[in-house]
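Notes follow once the structure below has been shown.
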Amino acid sequence: MRYEEVKMGDLKTADQIAVCGNISDLNPLLAPLTMLAGDKYFHHGIFDRENLAVYDFYGDSKKNARPQRRDFTEFFYGHEILFRVVYEDGEQCLPADEVMKRAKDAVENQSSWPCYDLVKNNCESFATFVKTGKLYSEQAITAVNEVCKKVASYLVAAGGSLAAIGFIVLRFK
């Protein structure tokens, strides 16, 4: 999957879209991790062209985040660049009508959707699940892997090669 910069007029119903955000906006405690994982992330949603709306995983706090349907202007507010998530060859996407049905069902049955989790259940995993049927967040997985690699390299550089090997072995068990 990749991100393609688009204008709103280029979007179709059921497109997975994203805007860029700051990791520190997620939780101020994550600010130190930005040096390890980067300081940007993408906030994802599913576009509904007919209603100029976006289905996303959102709330007044991460604790209260649930599948929501919001006006596109609210989703895009404060951002300058809009992205469409493009799935590459071999990455299966559901038909547009199924994507929209899944998005509407998630909003109508919010209580059945798991609570927010930075790695396992976030805006990207929600949009990816609605679009593809697979529940995962590529950017969360990539960030966790990058942090693990850098921690391991710091341990090795600090002379803790045995500790680093143990860390890596335990991580991949």
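The numbering of the sequence shown is the UniProt record's numbering, which starts it at 1 and goes up by one. Cβ coordinates follow ideal geometry from the N, Cα and C atoms, glycine included.
May I ask you to check if the CB of residue i is nearer than 8 angstroms to at least one heavy atom of the ligand ADP?
i	result
R102	In the structure on display, the ligand ADP does not appear, and there are no ligands present to speak of.
For a cutoff of 9 angstroms on Cβ pairs, would you count residue i as touching chain D?
i	result
L135	Chain labels in this structure do not include chain D; a single protein chain is all it has.
Within a Cβ cutoff of 6 angstroms, which residues of the same chain sit near residue i, ignoring the five residues on either side of it in sequence?
i	result
N121	P114
M100	A14
Quick one: is residue i buried, meaning 16 or more other Cβ sit within 10 Å of its Cβ, or exposed?
i	result
H79	exposed
T142	exposed
R102	buried
Y77	exposed
Tell me whether residue i sits in a helix, a strand or coil according to DSSP, three-state version.
i	result
K150	helix
V86	strand
C123	helix
I141	helix
Which residue comes first and which comes last in the alpha helix (DSSP H) that contains residue i?
i	result
D105	A96 to E108
E74	F72 to F76
Over what stretch of residues does the beta strand (DSSP E) that includes residue i continue unbroken?
i	result
K12	It is not in any beta strand (DSSP E) - K12 carries neither H nor E in the DSSP assignment.
A65	Neither: A65 is in no beta strand (DSSP E) and is coded neither H nor E.
On the premise that residue j lies in contact with residue i, defined as a C-beta separation below 8 angstroms, what is that separation, rounded to the nearest angstrom?
i	j	result
A152	V130	Actually they do not touch by this definition, with Cβ atoms about 35 angstroms apart.
R66	Y55	About 11 angstroms separates the two Cβ atoms, so there is no contact after all.
Only counting the same chain, and skipping five residues up and downstream in sequence, which positions put a Cβ closer than 7 angstroms to that of residue i?
i	result
G133	L94
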